[in-house]
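Protein chains in written order, with the working numbering: chain A, 57 to 436; chain B, 57 to 436; chain C, 57 to 436; chain D, 57 to 436.
Every residue, glycine too, gets a C-beta built ideally from N, C-alpha and C.
There are 4 protein chains.
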Amino acid sequence: MRCIRYGMIGGGKDSFIGAVHRAAMRLDGGWSFVCGALSSTPEKSKASGVEAGLPAERAYGTWTEMIEAESGRDPADRMEAVVIVTPNDLHAAPAEAALRAGFHVVCDKPLCTTVEDAERLEGLARETGSVFAVTYNYSGYPMVRQARRMVLGGEIGPVRRVLVEYTQGWLATKLEETGQKQALWRTDPARAGAGALGDIGTHAEHLARYITGLEIGSVMADASSFVPGRGVEDDAGVLIRFKEKDGVSARGVLVATQIAPGRRNDLRISVFGETGTVEWHQETPESLVVSGLDGPTRVLHRGGDGLCAEARAATRLPPGHPEGFVGAFANIYRGVRSAIRRSPGADLDYPTIHDGVRGVRFIRACLDSARRGGAWVDPG
Amino acid sequence: MRCIRYGMIGGGKDSFIGAVHRAAMRLDGGWSFVCGALSSTPEKSKASGVEAGLPAERAYGTWTEMIEAESGRDPADRMEAVVIVTPNDLHAAPAEAALRAGFHVVCDKPLCTTVEDAERLEGLARETGSVFAVTYNYSGYPMVRQARRMVLGGEIGPVRRVLVEYTQGWLATKLEETGQKQALWRTDPARAGAGALGDIGTHAEHLARYITGLEIGSVMADASSFVPGRGVEDDAGVLIRFKEKDGVSARGVLVATQIAPGRRNDLRISVFGETGTVEWHQETPESLVVSGLDGPTRVLHRGGDGLCAEARAATRLPPGHPEGFVGAFANIYRGVRSAIRRSPGADLDYPTIHDGVRGVRFIRACLDSARRGGAWVDPG
Amino acid sequence: MRCIRYGMIGGGKDSFIGAVHRAAMRLDGGWSFVCGALSSTPEKSKASGVEAGLPAERAYGTWTEMIEAESGRDPADRMEAVVIVTPNDLHAAPAEAALRAGFHVVCDKPLCTTVEDAERLEGLARETGSVFAVTYNYSGYPMVRQARRMVLGGEIGPVRRVLVEYTQGWLATKLEETGQKQALWRTDPARAGAGALGDIGTHAEHLARYITGLEIGSVMADASSFVPGRGVEDDAGVLIRFKEKDGVSARGVLVATQIAPGRRNDLRISVFGETGTVEWHQETPESLVVSGLDGPTRVLHRGGDGLCAEARAATRLPPGHPEGFVGAFANIYRGVRSAIRRSPGADLDYPTIHDGVRGVRFIRACLDSARRGGAWVDPG
Amino acid sequence: MRCIRYGMIGGGKDSFIGAVHRAAMRLDGGWSFVCGALSSTPEKSKASGVEAGLPAERAYGTWTEMIEAESGRDPADRMEAVVIVTPNDLHAAPAEAALRAGFHVVCDKPLCTTVEDAERLEGLARETGSVFAVTYNYSGYPMVRQARRMVLGGEIGPVRRVLVEYTQGWLATKLEETGQKQALWRTDPARAGAGALGDIGTHAEHLARYITGLEIGSVMADASSFVPGRGVEDDAGVLIRFKEKDGVSARGVLVATQIAPGRRNDLRISVFGETGTVEWHQETPESLVVSGLDGPTRVLHRGGDGLCAEARAATRLPPGHPEGFVGAFANIYRGVRSAIRRSPGADLDYPTIHDGVRGVRFIRACLDSARRGGAWVDPG
């Protein structure tokens, strides 16, 4: 399979996630970084691009310039996909332009900051037929795929109760006041659109939907800004009613907080079904804990015997050789690559713009519920 | 200190918790089991009492008989305290009779099934001056006491977020249909008054209040009966707003479920403050995990150096020699004993009728909120 | 079953293990503490006895006095068993006297300080027909019994490799210089007979033999006294060759150290067979980890479904309600009690004087091997 | 820094470790894969090379051909370093040829199968001035580097006791009979030179030396072939006496076994010093457990505050985003790259041929000791 030539928007020096995307593509092995508009000012953008190894003429000053210039290049050489890793408020415009110019798009989560933008992008992607991925990267972990397969395959019976927590501590103080770049934009309502719910809550929501296959019927949220003067919520608790499936209306609790001292990147989920349970923790991602109604707890290991095809396909190393965050991220990119190349029979499992729209609706519904002081809200 | 002579109501053959109370008192060492009305019929009651080692004449047929007969005995010999371990609907009446007859009372949780009964008992206990304990036994664990001391002492700053879960799996199927005694009464609305919220949710609520020192301002609950035909809720998710303290209105999420396959008796709590975190898990009760804003996670060990006086006092063995459930329960009894004997300077830390009333109000508020389909309810 | 009347030798104020023995017997419930000679001087001994709740006339000044006086009492009232919890050098003499006077004996480990004494006691016990237990208490844990049942039942195939570690840190400094009583006698060659090997190594050796059913063929040991000026070894590593069984000569590694900072009472064992593995850790004693040649790791829980009769019989509480050290110790006492009362069909599983002799031989063999600078020594 | 052009010997289709080396170099980002002789026959070798993405003319049939052809290329274009990932018996010859032709060498462990070859290579590397790395990759983990820094910096005092275990289960059955390639050569004495000691024991030995800075004075080993008919040891227990340092002669126990069902790649180490302890486990590599003489256990997290410069430099992602095996491996390659490019002030921490020689001597000494039925052997 030929490498996919991609251009990146965002991902310059102070970016955290841009470098992760590039490492994931390097690990996947089927991607070629050909151009970029990595920073917010033309000079910095060009300098960042060259520093990241791009030829000077394809280290563009702005993303509009990049899309225009690349559109004019020889098809055998121009970029095929655009990877967008800017702050949330700068997702929709370049995504739209990229789609209109016929490129595939990979966009970091959340898809964008308004439901309206999200829906317009979804419609546009449908029209153009482009591949449009939203990097809910945690669904790339092999043991998450194993969990999904087991739940969808009925191994724990109809789902009744979901507990999903995403807790971090890095925003427990007013880090944005120190000028830290990540904190600055992520706590700025104009740039982030939302706080903990948008930054991490939506990962939790996607993970719950991914593993269970359930859709969210309504949410009841309580959101707070604990750090004085912060413009976005830094903590939220959400009750969830999932849509009925197999005659059961599952209930969920979702917690998203960034003011939890000592928590690093603690995404964990427990899914309780009628006859069993699956549990996974992102910080020890190599195992999946499975219980039945009785008998011993079973711990399944990545790479071990008896895992499903999806988990095996997402595995690069033997058991006991920890893979990790970049490996999972690379699995998302592998799915995107297969979709772009239309590989028959290949792994096409990646989060799509449909997931992206769902995520934006979830965030809005939670914020609505919280603002109304307690009301069940259907995300739509 | 002379042993306290106690009589037990309930705790016959099929009881789980009665035997635990007796073992806890044996381990504490300051209690003498002198009489009882252990079962629901006079014959069984007498037989159970003799089997449990009571002299035949003090193995009573009914609790009314016991209270009357013991009241007539020589004060140097008659029972001093009544331990009530019957199903929830049979707490209030014997407790009231015992108070009126001048006895101290130890009552299993929840205190009773209605707020009205709870408040009447509280008033009565105030009048009689009797000691009245409600066995929220998890507050007897040394590392829970350490957690409380650290939080109250400001070591993690004002509390912002509490996560408390109590999950069990034993009621994931309709166990009550098999005739299992524990399941029978605990899922019977008439006898239990409530389901998961009353059986275990109230433990979680007490633990959260005990460690944080916070009072609950309002609750928003979603409760379900997942097992078809069950008359009480077997699963609940609760959002909590605590009353303001130190200028912060902490938020909580409480989960109580008994339909979680693979979960045994999984009570766990994380308390996130402005500057740190404490976390405890009942199934590995010997340690307390403490985090600050930065630096390593610290794991404190029962019996280890540097623990507070309360944790040291609640400890019987050196570190690394696991104590456990009965040891924690015995610590509650030690507090009750000190209170009854009015030992100056002794450990008087035990859950009182005040906690019992709070628990009953919490259960009612959650059920109200759930019934109203989502509303913030002040437990009062 | 009538309570067994016991007298205790040792176990006064500064004793750690005496109080544990008494708590274990209280928890078991079938024992009555009727007399004692708890301390090393007559006055302290009497005072300690009264303080421990004995009637003044049976709080003896010395153990010789106790044995003589009790022998003269009415058989319906005199003690039936002697519990010896003195330092190691004071085990053999009272044990011998107790046997000669017709009493049953429970002796803390190690049985005594010389192989000669051990063998003489074993012969004497055989002659008198007395029950003689040596409290290798870790074999009382339910999940250790489950491990034994599984290994002896062939569930992991013939055993190939055993790893057993017992590590503590309390003697990492010269604690004996501070006057701490436990450190004083345990590091005194005259009173303890050996250091880490005798104090904890022998527990590890018994646990390995208990779970595997294997006998030790020879040992190769390296022992050190890391704390300057200490008269006994405080650290040892031992290679073990077990006697052939099922055509396989299993190999073992045993580590016993008391100079491991941060380790509390860390006894852990892994037994690897041809087709599976069992692993247990004393500080989290409620679970047993079991692996096969492939498939998931299984975690078995105390009190859970599917455990063997021996594990179930050793269990007092439902799963998830941690039992612990005293509960396991009480199980040893229950076995002893059944043996003394000759209960047909009862649990008779307790470590006998045979195990005690084996332990003393193991200690001697290791010290011999170490002294000889490396030689395989058969403990005999 | 310009990419380093490398050629690979071995690493074709059935290879496990070759692909890991290439992924590690991709993740490091400073390497360019320009040529190879990946398989054992010319055709397969060429086909493998093309499949791996090499241009046909640099997909060589044999390593001799590769070294000769590359030596003749323009210096600006020819390979600079040779990466050797063949079975153990095919390390020495290509390494020697590569050195003689002036190339740098990266060789998988163990360096080779005889001490004589090892020493000759060491002398040759000294003469040529080439960089020669041996991929003891576990020393690339950030938290291993933190452990080393803490121990060498005196934070746990002089080391007294080391416990290091490397246990795997994949060779518990006669896997070599199924034709599995990895099992075939690793259990073949002619190709592997040794069994568990050479394959994984030497990793454990290196890790212990790396973290403690101690040299091994003598070893006492017991080695077995548990699987009938296997020509190499599949299990070994080793007592170690380290050379004196700071007045203390530390003792070690090393276990290397490949017949442990349920163990995947379980390398773990505990280092006990006079005043503290560090502990690390490869399967959960993100944390380091540190204890002092008293107080809480501290768990340090990769990426967290307060880590040493070496650990920070070896880190690519924020805490809580698991890195893993390939990341650690890439850190080794980064050190090699810096050494080749002679970057001033850069991280030059990588295992050298000196470590490789030490490893081969250790394996020989253990096998000697075991063959002699128990003798302390100085590896030299």
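Check                                                                                                                                                                                               : Outcome
For residue 350/B, which residues in chain D fall below 9 Å Cβ to Cβ?                                                                                                                               : 360, 361, 362
Does the beta carbon of residue 135/D come closer than 7 Å to any beta carbon on chain C?                                                                                                           : no
Return the CA-CA distance between residue 244/C and residue 142/B, expressed in angstroms with no decimal places.                                                                                   : 54 Å
If you compare alpha carbons, which of 344/B, 317/B, 353/B, 77/B is closest to residue 317/A?                                                                                                       : 353/B
Look at the alpha carbon of residue 392/A and the alpha carbon of residue 406/A, and state the distance between them as a whole number of angstroms.                                                : 6 Å
Are the C-beta of residue 276/B and some C-beta of chain A separated by less than 7 Å?                                                                                                              : yes
Whose C-beta lies closer than 7 Å to the C-beta of residue 337/B among residues of the same chain, with five residues either side of it excluded?                                                   : 324
Using the three-state DSSP reduction, which class does residue 81/A fall into: helix, strand or coil?                                                                                               : helix
Let me know if residue 165/B comes out buried or exposed under the rule of 16 or more other beta-carbons within 10 Å of its beta-carbon.                                                            : buried
Considering only DSSP beta bridges, list what residue 344/B is partnered with.                                                                                                                      : 356/B
If the cut-off is 8 Å on Cβ atoms, which residues from the stretch 292 to 311 of chain D count as contacting chain C, listed in chain order?                                                        : 293, 295, 297, 304, 305, 307, 308, 309, 311
What residue range is occupied by the uninterrupted beta strand (DSSP E) comprising residue 153/A?                                                                                                  : Careful: residue 153/A lies outside any beta strand (DSSP E), inside the alpha helix (DSSP H) at 148 to 156.
Going by beta carbon distance, what residues of the same chain come within less than 7 Å of residue 359/D, once the five residues before and after it are set aside?                                : 371, 373, 374, 375
Among 228/B, 179/B, 192/B, 172/B, which one has its Cα closest to the Cα of residue 162/B?                                                                                                          : 192/B
Taking C-alpha atoms, which residue in 301/A, 92/A, 172/A, 420/A lies nearest to residue 279/A?                                                                                                     : 420/A
If you follow the alpha helix (DSSP H) that residue 422/C is in, where does it begin and where does it stop?                                                                                        : 409 to 427
Give me the Cα-Cα distance between residue 394/B and residue 404/B, rounded to the nearest whole angstrom.                                                                                          : 6 Å
Listed in chain order, which residues of the stretch 316 to 334 of chain C have Cβ atoms closer than 8 Å to some Cβ of chain D?                                                                     : 316, 317, 318, 319, 326, 328, 329, 330, 331, 332, 333
Determine whether the Cβ of residue 347/C lies closer than 7 Å to any Cβ atom of chain D.                                                                                                           : yes
By the 10 Å Cβ neighbour count, where 16 or more other Cβ atoms means buried, how is residue 107/B classified, buried or exposed?                                                                   : exposed
Between residue 434/C and the rest of its own chain, which residues show a CB-CB distance below 6 Å, the 5 nearest in sequence each way excluded?                                                   : 274
Name the chain A residues whose beta carbon is nearer than 8 Å to that of residue 375/D?                                                                                                            : 320, 321
Counting pairs of beta carbons, one from the stretch 62 to 74 of chain B and one from the stretch 195 to 211 of chain A, are three or more of them closer than 8 Å?                                 : no
Any contact of the stretch 249 to 259 of chain B with the stretch 283 to 296 of chain B, i.e. 3+ C-beta pairs under 8 Å?                                                                            : yes
For residue 251/B, collect the residues of the same chain with a Cβ closer than 6 Å to its Cβ; drop the 5 residues on either side in sequence, then sort them by chain order.                       : 288, 289, 290
Can you list, in chain order, the residues of the stretch 196 to 225 of chain C whose Cβ is nearer than 8 Å to any Cβ on chain A?                                                                   : none
In the DSSP assignment, what residue or residues form a beta bridge with residue 377/A?                                                                                                             : In DSSP, residue 377/A forms no bridge with anything.
Let me check you understand the geometry: is the CB of residue 125/B closer than 6 Å to at least one non-hydrogen atom of the ligand FAD?                                                           : The ligand FAD is not part of the structure shown, which contains no ligands of any sort.
Does DSSP put residue 276/C in a helix, a strand or coil?                                                                                                                                           : strand
Assess contact between the stretch 148 to 163 of chain C and the stretch 183 to 191 of chain C, defined as three or more Cβ pairs (one per stretch) separated by less than 8 Å. Is contact present? : yes
For residue 84/C, collect the residues of the same chain with a Cβ closer than 6 Å to its Cβ; drop the 5 residues on either side in sequence, then sort them by chain order.                        : 386, 389, 390
Nearest CA to the CA of residue 379/A: which residue from 340/A, 345/A, 350/A, 364/A?                                                                                                               : 340/A
Under a CB-based cut-off of 7 Å, is residue 430/C close to chain D?                                                                                                                                 : yes
Going along the stretch 366 to 394 of chain C in order, which residues come within less than 8 Å of chain B, judged by CB to CB distance?                                                           : 372, 373, 374, 375, 376, 377, 378, 379, 380, 381, 382, 383
When the Cα of residue 75/C is compared with those of 134/C, 58/C, 95/C, 59/C, which residue comes out closest?                                                                                     : 95/C
DSSP three-state label for residue 329/D, please.                                                                                                                                                   : strand
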